[in-house]
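Participant: Here my numbering is used: the first residue of the sequence shown is 1450, the next is one more, and so on. Glycine included, every Cβ here is placed at the ideal spot set by N, Cα and C.
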Amino acid sequence: MDNGAIIEEVAVQRTNLLGMTRPKLEAFLSSIGEKPFRAQQILKWIYHAGIDDFDEMTNLGKSLRAKLSDMAEIRPPNVVRQLDSKDGTRKWAVEVGGNNLVETVFIPDGQRGTLCVSSQVGCSLDCSFCATGKQGFMRDLTAAEIIGQVWLAIKSFDAFKQGSGRIVTNVVMMGMGEPLLNFDNVVDATALMMDDFGYGLSKRRVTLSTSGVVPMLDKLGDVSQVSLAVSLHAPNDALRNQLVPINRRYPIAELLAACQRYLDKQADTHRVITIEYTLIAGVNDSQDNARELAVVLKNLPCKINLIPFNPFSLSDYKRPSNNAINRFWQVLTEAGYVTTVRTPRGDDIDAACGQLAGEFQDRTRRSERHRRRAETIAQPVRLV
1450 MDNGAIIEEV
1460 AVQRTNLLGM
1470 TRPKLEAFLS
1480 SIGEKPFRAQ
1490 QILKWIYHAG
1500 IDDFDEMTNL
1510 GKSLRAKLSD
1520 MAEIRPPNVV
1530 RQLDSKDGTR
1540 KWAVEVGGNN
1550 LVETVFIPDG
1560 QRGTLCVSSQ
1570 VGCSLDCSFC
1580 ATGKQGFMRD
1590 LTAAEIIGQV
1600 WLAIKSFDAF
1610 KQGSGRIVTN
1620 VVMMGMGEPL
1630 LNFDNVVDAT
1640 ALMMDDFGYG
1650 LSKRRVTLST
1660 SGVVPMLDKL
1670 GDVSQVSLAV
1680 SLHAPNDALR
1690 NQLVPINRRY
1700 PIAELLAACQ
1710 RYLDKQADTH
1720 RVITIEYTLI
1730 AGVNDSQDNA
1740 RELAVVLKNL
1750 PCKINLIPFN
1760 PFSLSDYKRP
1770 SNNAINRFWQ
1780 VLTEAGYVTT
1790 VRTPRGDDID
1800 AACGQLAGEF
1810 QDRTRRSERH
1820 RRRAETIAQP
1830 VRLV
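(1) Please determine, among Val1617, Ala1784, Ala1580 and Lys1668, the residue with the shortest C-alpha to C-alpha distance to Gly1626.
(2) Drop a sphere of 10 angstroms on the beta-carbon of Val1620, count the other beta-carbons inside from all chains shown, and report buried for 16 or more, exposed for fewer.
(3) With a floor of 3 residues, list each beta strand (DSSP E) that falls wholly inside the region 1759-1799, ordered by position along the chain.
(4) Using 10 angstroms around the beta-carbon of Leu1763, count the other beta-carbons present and answer buried if the total reaches 16, otherwise exposed.
(5) Using only alpha-carbon positions, find the residue among Leu1509, Pro1472 and Ile1523 that is nearest to Ile1495.
(6) Could you tell me the alpha carbon to alpha carbon distance between Val1675 and Pro1684, rounded to whole angstroms?
(7) What is the DSSP secondary structure of Asp1589, reduced to helix, strand or coil?
(8) Name the DSSP beta bridge partners of Asp1558, please?
(9) Give the single residue among Ile1595, Val1617 and Asn1771 whose Cα lies nearest to the Cα of Arg1561.
(10) Given a threshold of 16 other Cβ atoms within 10 Å of its Cβ, counted over all protein chains shown, does Pro1526 qualify as buried or as exposed?
(11) Should Glu1505 be labelled buried (16 or more other beta-carbon atoms within 10 Å of its own) or exposed?
(12) According to DSSP, simplified to helix, strand and coil, what is Asp1504?
(13) Which of helix, strand or coil does DSSP assign to Lys1540?
(14) Where Val1599 and Val1566 are concerned, what is the direct C-alpha to C-alpha distance, given to the nearest angstrom?
(15) Using the three-state DSSP reduction, which class does Ala1521 fall into: helix, strand or coil?
(16) Let me know if Thr1507 comes out buried or exposed under the rule of 16 or more other beta-carbons within 10 Å of its beta-carbon.
(17) Leu1681 lies in the beta strand (DSSP E); which residues open and close that run?
(18) From Pro1694 to Gly1571, what does the alpha carbon distance come to, in whole angstroms?
(19) For Arg1697 and Ala1707, I'd like the C-alpha separation in whole angstroms.
(20) Tell me, please, which residues DSSP counts as bridged to Pro1472.
(21) By DSSP, does Gln1569 sit in helix, in strand, or in coil?
(22) In terms of residue numbering, what span does the beta strand (DSSP E) encompassing Ile1701 cover?
(23) Just to confirm, are Leu1532 and Lys1540 a CB contact at a threshold of 8 Å?
(24) Does the region 1638-1647 come close enough to the region 1661-1671 to have 3 or more Cβ pairs within less than 8 Å?
(25) So, at 8 Å on beta carbons, what are the nonlocal neighbours of Lys1714 in its own chain, with the 5 sequence-adjacent residues on each side left out?
(26) By how many angstroms is the C-alpha of Val1663 removed from the C-alpha of Thr1727?
(27) Take every Cβ of the region 1589-1607, pair it with every Cβ of the region 1731-1745, and state whether three or more of those distances are shorter than 8 Å.
(28) Only counting runs of 4 or more residues, tell me where the alpha helix (DSSP H) segments fall wholly within the region 1652-1676, in order along the chain.
(29) Taking the alpha helix (DSSP H) that Asn1634 belongs to, which residues open and close that run?
(30) Look at the alpha carbon of Ser1573 and the alpha carbon of Gly1482, and state the distance between them as a whole number of angstroms.
(31) Using alpha carbons as the reference points, say which of Gly1547, Gly1585 and Phe1503 lies closest to Asp1575.
(32) How far does the alpha helix (DSSP H) with Tyr1496 in it extend, from its first residue to its last?
(33) Report, in whole angstroms, the separation of the C-beta atoms of Val1635 and Ser1568, which I expect to be a contact under 8 Å.
(34) Using the three-state DSSP reduction, which class does Leu1513 fall into: helix, strand or coil?
(35) Hey, would you say Ala1602 sits closer than 8 Å to Leu1564, going by beta carbons?
(36) Rank Val1679, Arg1530 and Ala1773 by C-alpha distance to the C-alpha of Pro1750 and give the top, closest one.
Listed below in structure tokens is the structure:
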């Protein structure tokens, strides 16, 4: 490629406005000599109307539209496959560059529509009951790739149209990846979900699920008001070390203390933590396990979500019997906890909890990155 071609290629690179928070979009507009208040108008076009063509943003002046067309773009990730379950669940495989895919799942439930969003390509934490962890880690998603999953889901149902109603009422950061290991991009994306000029979702309707990266959890409480879910899955450190390896770095007592600190930072004093507990036959589903869990959680304002294990090909774990699930639920309920049992949804398209797994073309590269990421996780996380 000659120098002229290189210069021309650089000249046509555009700034992706998708994923920019309101302050960042205001700063971008100021940097190109435009009024910052235009950010509110642009955000409404993107997230309220689903518009990705500046020429259609009719309340912007022609000169601004022309400038944005030259310098910027609104570019969501690409959907390469869509699968629909018999129970109404819909799953998308979303291409995010480098032949990497992540998965996004929409779960309808009456007037409620919950979107499960991914934050990373793969995951480095290698929880033993999760398909995502078995494929290793490739990279973090950008804020545009995270919020773009919501944009694509709404677009898929043609729900941006006037009068069609809100199809996505709740967003859960429970897809592929550990959200707190992609901190800045996840914080930006969830801020857009809750911004009135973005999707305008209540802080109670945007939930971040973490396996327990304690320093990042403390940092989250300083900058966000999302609802918090914690992937606990065991009532003691010995068992959790086996199921959730990051517990060796941040054991249960430290994690629960960080959860309390997060609640203490919230203005709403009625907030609670959702404790996620995957029930695995013969591993963590006994009544003794339930009684131990009830004691461990006694000082934390929380509710408990029991998740019967969803099988996948790389695991020998089994789903507990309904009787075992009911006995576990009864112990916790009698101990005074609000306890729900998650109904498997979309398991016929591998969209149930723990079954999400993207696809990679370069598996040697994936394995090497997984090894390096695992070594990094074993070290203390430093706040900057």
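Facilitator: A quick look at the data gives this:
(1) On the sequence shown, position 177 is the one that residue 1626 refers to. If we check each option's Cα against that of Gly1626, Ala1580 comes out closest.
(2) In the sequence shown, the residue the question calls residue 1620 occupies position 171. Only buried fits Val1620, as 16 or more other CB atoms lie within 10 angstroms of its CB.
(3) Whole beta strand (DSSP E) segments, 3+ residues: 1788-1790.
(4) As a position in the sequence shown, residue 1763 is number 314, starting the count at 1. Residue burial annotation: Leu1763 is exposed, with fewer than 16 other C-beta atoms found within 10 angstroms of its C-beta.
(5) Taking the first residue of the sequence shown as 1, we reach residue 1495 at position 46. If we check each option's Cα against that of Ile1495, Ile1523 comes out closest.
(6) Your numbering for residue 1675 matches position 226 in the sequence shown. Your numbering for residue 1684 matches position 235 in the sequence shown. Rounded to whole angstroms, Val1675 to Pro1684 spans 25 Å at the Cα level.
(7) Indexing the sequence shown from 1 puts residue 1589 at position 140. Collapsing the DSSP output to three states places Asp1589 in a strand.
(8) On the sequence shown, residue 1558 is found 109 positions in, with the first residue counted as 1. Here Asp1558 is bridged, per DSSP, to Arg1561.
(9) The residue you call residue 1561 lines up with position 112 of the sequence shown. Per the Cα distances, Val1617.
(10) If you number the sequence shown from 1, residue 1526 lands on position 77. Using a 10 angstroms sphere on the CB of Pro1526, the tally of other CB atoms reaches 16 or more, which defines it as buried.
(11) Counting from one through the sequence shown, the residue named residue 1505 turns up at place 56. Result: exposed.
(12) Looking up residue 1504 in the sequence shown gives position 55. Three-state DSSP puts Asp1504 in a helix.
(13) As a working note, residue 1540 is residue 91 in the sequence shown. Assignment of Lys1540 by DSSP, reduced to helix, strand and coil, places it in the strand class.
(14) Translated into positions along the sequence shown, residue 1599 becomes position 150. Translated into positions along the sequence shown, residue 1566 becomes position 117. Straight-line measurement puts the Cα of Val1566 at about 8 Å from the Cα of Val1599.
(15) On the sequence shown, residue 1521 is found 72 positions in, with the first residue counted as 1. Strand at Ala1521.
(16) Position 58 of the sequence shown, counting from 1, holds the residue named residue 1507. With fewer than 16 other CB atoms across the displayed protein chains lying within 10 angstroms of its CB, Thr1507 is exposed.
(17) Here the question's residue 1681 lines up with position 232 in the sequence shown. Counted as a single uninterrupted DSSP element, the stretch harbouring Leu1681 is not any beta strand (DSSP E), since DSSP gives it neither H nor E.
(18) Position 245 of the sequence shown, counted from the first residue, corresponds to residue 1694. Position 122 of the sequence shown, counted from the first residue, corresponds to residue 1571. Rounded to the nearest whole angstrom, the C-alpha separation of Pro1694 and Gly1571 is 16 Å.
(19) Looking up residue 1697 in the sequence shown gives position 248. Looking up residue 1707 in the sequence shown gives position 258. Straight across, the Cα-Cα distance linking Arg1697 with Ala1707 is about 16 Å.
(20) For this step, residue 1472 is matched to residue 23 along the sequence shown. Listed as beta-bridge partners of Pro1472 by DSSP are no residues whatsoever.
(21) Here residue 1569 corresponds to residue number 120 of the sequence shown, with the count starting at 1. DSSP places Gln1569 in strand when its eight states are reduced to three.
(22) The sequence position of residue 1701 within the sequence shown is 252, counting from 1. DSSP places Ile1701 outside any beta strand (DSSP E); the residue lies instead in the alpha helix (DSSP H), whose first and last residues are Ile1701 to Asp1713.
(23) Counting from 1 along the sequence shown, the entry for residue 1532 is found at position 83. Counting from 1 along the sequence shown, the entry for residue 1540 is found at position 91. Contact: yes.
(24) Not touching, per the Cβ criterion.
(25) Residue 1714 sits at position 265 when you count from the first residue of the sequence shown. Once the five neighbours on either side are set aside, the close Cβ partners of Lys1714 are Gly1670 and Asp1671.
(26) Sequence index remark: in the sequence shown, residue 1727 carries index 278 (1-based). Sequence index remark: in the sequence shown, residue 1663 carries index 214 (1-based). The C-alpha of Val1663 is placed about 21 Å away from the C-alpha of Thr1727.
(27) When Cβ pairs closer than 8 Å are counted between the two stretches, the region 1589-1607 is seen not to touch the region 1731-1745, the count staying below three.
(28) DSSP runs (the alpha helix (DSSP H)) wholly in the region 1652-1676: 1663-1672.
(29) Here residue 1634 refers to the residue found at position 185 when the sequence shown is read from its first residue. In the DSSP assignment, Asn1634 falls within the unbroken alpha helix (DSSP H) covering Phe1632 to Met1643.
(30) The count along the sequence shown starts at 1 and reaches residue 1573 at position 124. The count along the sequence shown starts at 1 and reaches residue 1482 at position 33. Approximately 42 Å, taken between the alpha carbons.
(31) Numbered from 1 along the sequence shown, position 126 holds the residue referred to as residue 1575. The shortest Cα separation from Asp1575 among Gly1547, Gly1585 and Phe1503 belongs to Gly1585.
(32) Here residue 1496 refers to the residue found at position 47 of the sequence shown. Arg1487 to Tyr1496 is the extent of the alpha helix (DSSP H) around Tyr1496.
(33) The residue given as residue 1635 occupies position 186 in the sequence shown. The residue given as residue 1568 occupies position 119 in the sequence shown. About 5 Å; that satisfies the 8 Å criterion.
(34) Here residue 1513 corresponds to residue number 64 of the sequence shown, with the count starting at 1. When DSSP states are grouped into helix, strand and coil, Leu1513 belongs to the helix group.
(35) Within the sequence shown, residue 1602 is the residue found at index 153, counting from 1. Within the sequence shown, residue 1564 is the residue found at index 115, counting from 1. Cβ atoms of Ala1602 and Leu1564: closer than 8 Å.
(36) Within the sequence shown, residue 1750 is the residue found at index 301, counting from 1. For the residues Val1679, Arg1530 and Ala1773, the minimum Cα distance to Pro1750 belongs to Val1679.
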